[in-house]
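These notes concern the structure reproduced below.
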Amino acid sequence: MSALVRSELLKVRTIRSWWAYLIVIALFTAIAVAADTGQTDNAERGTVDFQVGLVETAGISLLLAIILGITIVTTEFR
4 MSALVRSELL KVRTIRSWWA YLIVIALFTA IAVAADTGQT DNAERGTVDF
54 QVGLVETAGI SLLLAIILGI TIVTTEFR
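Residue 81 is where the sequence shown ends in my numbering, and the numbering goes up by one at each step.
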């Protein structure tokens, strides 16, 4: 089991593209949350509905994380 984990970590360390995906995921999340926050009033920002909306808005990064996972898995047999 440890050999399998070690080989997967080696693969992640040697693939250079995951850094780009990580940066893009962080930027998209920050831009989406900033845009959603900037469009609302101060009184509305404290509500639970707004905070739930922020979590849903940040969910766009989940799509990019899935693409990163697909890339890591599919580049295994090149």
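Glycine is no exception: its CB is placed at the ideal position from the N, C-alpha and C atoms. Note that the structure is predicted; figures quoted are calculated from it, not measured.
Contact check for Thr60 and Asp39: beta-carbon distance about 5 Å, within the 8 Å limit, so the pair qualifies.
Taking a contact to require three or more Cβ pairs closer than 8 Å, the region 12-31 and the region 45-52 do not qualify as touching. Only residues of its own chain outside the window of five on either side were considered, and among them Lys14, Val15, Ile18, Trp21 have a CB closer than 8 Å to the CB of Ile75, listed in chain order. If you draw a straight line from the Cα of Thr77 to the Cα of Asp52, it comes to about 39 Å. Here Thr50 carries a coil assignment [DSSP, helix/strand/coil]. Leu71 and Tyr24 do touch by the CB rule: their CB atoms are close to 4 Å apart, below 8 Å.
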